[in-house]
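J.:
Protein chains: 2
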Amino acid sequence: MNVEELLGYAKKVGFFWPAAEIYGGASGIFDYGHLGARLKRNFEAVWLDYFVDSNDYNLIEGSTILPEKPLIASGHASRFNDILVECTKCHTYYRADVLLNDLGINVAEGANSEELGKAIRDNNVKCPKCNGQLSEPRVFNMMIAVALGPDNGEKGYLRPETAQSAYLNFFREFTLLRKKLPMGLAIIGKAYRNEISPRQGLYRMRELTQAELQIFFDPKSWNPYDEALFNRKLNVVPYMHEQQLLSPKQLMEQFSLPQFYVYHMCLIDKFYKEVLGIPAEKIRFYEKGGNDKAFYNKVHMDIEVNVESWNGFKEVGGLHYRGDYDLTSHTKGSSQDLSVDIGNGKFMPNVLELSFGVDRNIWMLIDNAYTNEEGRSVLKLQHKLAPYAVAVFPLQKDQQLIDTAKAVYESIKRKFHAFYDETASIGKRYARMDEIGTPYCITIDFDTVNKDSKDYSTVTVRDRDTREQKRVAIADLPANLLSGL
Amino acid sequence: MNVEELLGYAKKVGFFWPAAEIYGGASGIFDYGHLGARLKRNFEAVWLDYFVDSNDYNLIEGSTILPEKPLIASGHASRFNDILVECTKCHTYYRADVLLNDLGINVAEGANSEELGKAIRDNNVKCPKCNGQLSEPRVFNMMIAVALGPDNGEKGYLRPETAQSAYLNFFREFTLLRKKLPMGLAIIGKAYRNEISPRQGLYRMRELTQAELQIFFDPKSWNPYDEALFNRKLNVVPYMHEQQLLSPKQLMEQFSLPQFYVYHMCLIDKFYKEVLGIPAEKIRFYEKGGNDKAFYNKVHMDIEVNVESWNGFKEVGGLHYRGDYDLTSHTKGSSQDLSVDIGNGKFMPNVLELSFGVDRNIWMLIDNAYTNEEGRSVLKLQHKLAPYAVAVFPLQKDQQLIDTAKAVYESIKRKFHAFYDETASIGKRYARMDEIGTPYCITIDFDTVNKDSKDYSTVTVRDRDTREQKRVAIADLPANLLSGL
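Protein chains in written order, with the numbering used here: chain A, 18 to 502; chain B, 18 to 502.
Have a look at this one:
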């Protein structure tokens, strides 16, 4: 599917569509329908389990509105910028780097105004809409401002990343959690960016959801290692190099990456392969350096997945070694000393950030899972991610079958998110569930209710991917569904 | 506890505190720490299970930024107002009704500028800070504006209630969900209000979380009834009446409330009593009429709980029969016909809204659960709400006990949110868990690891509320914890 097709599918079946659609839609802002909201929650639940709970880290929740001061201290007020150009004739705005890249003119992601202006002049770039002259590039801050209080005198911003809330709460949580490092604070929530040209579905959004984990640690003593985890090769594009398959040992020795960094590359690699079910060749790490690197990072890799509808590898997350940039900045900004002493003298904890764009991952998961086999659409999501875990059908509109089907549905729906349906032919009902990724369909047929049948009190359970059916006793359904049959 | 004491406790143990605390805090904006985030998630989970999943309604997710048009259509741009006065001397702003009520001067919640101005003049009210003259009251819109796009030319607002997202998505979801009524769309998410004087902890907030369910229905045919549910008496303050205990029948016959409305009063009453564990005498419904009633409501009751720290009954939610106000407004505003035909001709569905302030409920739950018995603080939360389901301790710092305790912890932590602790005396560890509401503490002692003991491979499980201890086989722990022992 291309972007338009995926958007069309997502809208048609109930995943997502532009917000305020009946008013013509909002640019770069989406709503999730009843399937999308479940898929998103399921993604967040597996993310939380895998990265946070399993590692004894903690989830917190920070506000989405932040006062101005911490965002001045963090550098976002002055440096969280895009560079835009305006057509002097039709007054359309463009993000300069995106415009150039779209025209096949290569510029680095972090190129500054001068570099972009030069590229525009050198290539004689005009407005794609009206062929008008373009303005000189100018810096544009991407944060969305809010004014609070009765006279709108309290200036603030919608947070540009959830991460800041973790840094602002670091010291209190460090104290509450008994002054131990490493300490991980995770936040799942909204972040906001005034994108100049939002587009590509859920890729460049003005309102987005992030799942971010900030790990605070002592770089002198933190060397996490796990033999099973390190026993793998990773697709990596090191800075200024070609893509290559590298072992953790090579990454540490040839590319001088710290062990804690490589450990988390492996952890993320495993998450995409084993938890989300993405094929190995579709996952890679793309290292950024020079101007491409975010201003706060010491080591910066994008987590990329090859997404058909986005025509190749696209960023779905990042692994960022932010050093002590954040806590040092907020120590200066707040005049509160955020350094710690855990037995070896005072030092400023370092931060390793695991950052994921939830919406981008949702899009990627649908892109990856969608298959069309002989006109049959099947969304092959991992079972834990599927919006409905199971559907329950009476074979026909027979009252006895309907009553039994409803009883089965009621008995399992509090444990498994379930869907009941009695309309249309059974084949059509199976097809509908295949299309939205429901792993199992339970059908109540005449044998189920026939006391003389050897199959009395059993139902058929159909597998989405193999289309095979098994007979299972109603009493054993919960246990069998839990174990994946 | 009073407000200050509850805030102090919440901060000390890890529930919540003002956002950007190290910068002096933001007014009316809070962060949730590692305990608060879990309590909030648990509240949302039981709410979702009880009101949404159990009734086959659907969860969706709407954007927090909305364009201006739908909020003009909904009436919020012109009518979602507070009335403020300013001190002409020290320029402090006050919400006029709150100022008057604080001074013991009774004014209706919905009083207009003229009424409030008259009350201020009649009572000769001056600025409480500097005794200066107060300005005439003026209308102040509580929505928080945002400007999007490169020239900030796209005007929008942070949504003042999650409800609007449900109305905007009504027609698409109605189509996706096979054109059946009643249809329920639930949203859990942030809403924003530029409160003039935010205060009372989590009561009057500028950034808040709502859990709202919008039920779309045909008022001519929807008469939900459940004998067990109707077999109760409700504490109600009918409009212009004293508080009284009324049966559903009395509410319908004497107070002319529609059956679907009374059904949901009963449903909510049951939720507070049975799911959240609030004593019957602490829950009541407070009907609003006249100017007190929100402009979109036909029947409006606040759900109130008697909260010690707030000195009496306070609103934690509302049950609002909004008629066809919302869909009619958006039909006009969007020029999209949102009326439906489900077999008896076209009509505009009506809306019943169940609205809950999540933060207020969190505060109320802590207020209600906190007890201090002989200097022993115990947070008697319902088990499903507790931040940690269980704690695991080695009795002493003995390596064999520690290893076994860690193994037990690892084996249960993916099923139950668990806490491991080996520091301090066992009594102190129990006390810490009591203080934050952990229902069970599992202790590994020397019998657990002694092959010759009759208690080999068993642990003690201590109950938070009774302080009684039971010996339970390690293998049986998950099943026993699930069943509440």
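Think of the CB as a built atom: it goes at the ideal place given N, C-alpha and C, for glycine as much as any other residue.
These numbers were taken from a predicted model, which means no experiment stands behind them.
To the nearest angstrom, how far is it from the Cα of A183 of chain A to the Cα of Y67 of chain B?
T.: One C-alpha to the other measures close to 32 Å.
J.: Whose CA, out of A:I300, A:K363, A:V368, A:V253, lies closest to the CA of K315 of chain A?
T.: Among A:I300, A:K363, A:V368, A:V253, the Cα nearest to that of K315 of chain A is on A:V368.
J.: Taking DSSP as the reference, what is the three-state secondary structure of Q413 of chain A?
T.: Three-state DSSP puts Q413 of chain A in coil, outside helix and strand.
J.: Would you call the segment 382-391 of chain B in contact with the segment 321-328 of chain B, where contact means no fewer than 3 C-beta pairs closer than 8 Å?
T.: Enough Cβ pairs lie closer than 8 Å, so yes.
J.: Report the partner residues of C104 of chain B according to the DSSP bridge assignment.
T.: DSSP lists B:L151 as partners of C104 of chain B.
J.: Measuring straight from C-alpha to C-alpha, what distance separates S356 of chain B and L88 of chain B?
T.: Rounded to the nearest angstrom, the two C-alpha atoms are 20 Å apart.
J.: Since H347 of chain A meets chain B, which of its residues come closer than 9 Å, beta carbon to beta carbon?
T.: Result: I39, Y40.
J.: Within its chain, find whatever has a CB closer than 6 Å to the CB of P154 of chain B; leave out the 5 residues flanking it on each side and keep chain order.
T.: Taken in chain order, the residues that qualify are I100, V102, A113, S130, L133, G134.
J.: Suppose contacts are defined by Cβ-Cβ distances below 8 Å. Is I461 of chain B in contact with A422 of chain B by that definition?
T.: In this structure, A422 of chain B lies closer than 8 Å to I461 of chain B by Cβ.
J.: What would DSSP say about R249 of chain A, mapped onto helix, strand or coil?
T.: Note: R249 of chain A maps to coil in three-state DSSP.
J.: Given a limit of 9 Å on CB to CB distance, which residues of the segment 134-158 of chain B reach chain A?
T.: Answer in chain order: F157.
J.: Any C-beta of chain A sitting closer than 8 Å to the C-beta of K315 of chain B?
T.: For K315 of chain B, the answer is no, since every Cβ of chain A falls outside 8 Å of its Cβ.
J.: Would the beta-carbon of V407 of chain A fall within 8 Å of that of I429 of chain A?
T.: A contact, by the Cβ cut-off of 8 Å.
J.: Is the beta carbon of L165 of chain A closer than 8 Å to that of I161 of chain B?
T.: In this structure, L165 of chain A lies closer than 8 Å to I161 of chain B by Cβ.
J.: Please list, in chain order, the chain A residues whose beta carbon lies closer than 8 Å to that of F47 of chain B.
T.: Here the neighbours are S80.
J.: Suppose only complete runs of 4+ residues qualify. What are the alpha helix (DSSP H) ranges in the segment 19-54 of chain A, listed by chain order?
T.: Listed in chain order, they are 20-30.
J.: On the premise that L185 of chain A lies in contact with H347 of chain A, defined as a C-beta separation below 8 Å, what is that separation, rounded to the nearest angstrom?
T.: Contact holds; Cβ gap of about 7 Å.
J.: Could you spell out the range, first to last residue, of the beta strand (DSSP E) harbouring A208 of chain A?
T.: A208 of chain A -> beta strand (DSSP E) spans 200-209.
J.: What residues are listed by DSSP as bridge partners for L396 of chain A?
T.: Looking at the DSSP assignment, L396 of chain A forms a beta bridge with A:Y387.
J.: Would K86 of chain A and T109 of chain A qualify as a contact pair, given that the criterion is a beta-carbon distance under 8 Å?
T.: No, these two residues do not count as a Cβ contact at 8 Å.
J.: Report all residues from its chain with a CB closer than 7 Å to the CB of V115 of chain A; omit the five preceding and five following residues, and keep chain order.
T.: So the list reads S214, once near-sequence residues are dropped.
J.: Please look up how many angstroms separate the CB atoms of F234 of chain A and L198 of chain A, rounded, as I've assumed it's under 8 Å.
T.: Contact flag correct, Cβ pair sits at about 5 Å.
J.: Could you confirm whether any beta carbon from chain A is found closer than 8 Å to the beta carbon of E21 of chain B?
T.: No - not a single Cβ of chain A is within 8 Å of the one on E21 of chain B.
J.: Starting from S346 of chain B, trace the alpha helix (DSSP H) both ways and give me its first and last residue.
T.: Note, S346 of chain B: alpha helix (DSSP H), 342-351.
J.: According to the neighbour-count rule (16 or more other Cβ atoms, all chains shown, within 10 Å of its Cβ), is R216 of chain B buried or exposed?
T.: Exposed, because fewer than 16 other Cβ atoms sit within 10 Å of the Cβ of R216 of chain B.
J.: Classify G201 of chain A: buried if its beta carbon has 16 or more other beta carbons within 10 angstroms, exposed otherwise.
T.: Buried is the call here.
J.: Go to G444 of chain B, then tell me how far its alpha helix (DSSP H) extends in each direction, as first and last residue.
T.: Run containing G444 of chain B: 443-453, per the alpha helix (DSSP H) assignment.
J.: Kindly list the residues whose CB is nearer than 6 Å to the CB of Y527 of chain B, restricted to its own chain and excluding five residues on each side of it in sequence; keep chain order.
T.: Lying before the first or after the last residue shown, residue 527 of chain B is absent from chain B, which here runs from 18 to 502.
J.: Out of A:Y280, A:L336, A:N328, A:F247, which has the shortest C-alpha to C-alpha gap to L230 of chain A?
T.: Looking at the Cα atoms, A:L336 is the closest of the given residues.
J.: State buried or exposed for A441 of chain A, treating a residue as buried only when at least 16 other CB atoms are found within 10 Å of its CB.
T.: A441 of chain A comes out exposed.
J.: Please compile the residues from chain B whose C-beta is within a distance smaller than 9 Å of the C-beta of P572 of chain A.
T.: An answer regarding residue 572 of chain A cannot be provided, because it is not within the stretch 18 to 502 covered by chain A.
J.: In chain order, what residues of the same chain lie with their CB nearer than 7 Å to the CB of W239 of chain A, ignoring the 5 residues before and after it?
T.: So the qualifying residues of the chain are P199, F277.
J.: May I have the straight-line CA-CA distance separating I285 of chain A from T179 of chain A, to the nearest angstrom?
T.: C-alpha separation (whole angstroms): 19 Å.
J.: Within 10 angstroms of its Cβ, does M318 of chain B collect 16 or more other Cβ (buried), or is it exposed?
T.: Classification of M318 of chain B: buried, given that the 10 Å Cβ count is 16 or more.
J.: Mind checking V156 of chain B: buried by the 16 CB within 10 Å criterion, or exposed?
T.: Exposed, because fewer than 16 other Cβ atoms sit within 10 Å of the Cβ of V156 of chain B.
J.: Kindly indicate if chain B contains any beta-carbon less than 8 Å away from that of H337 of chain A.
T.: Chain B, which has no Cβ nearer than 8 Å to the Cβ of H337 of chain A, makes this no.
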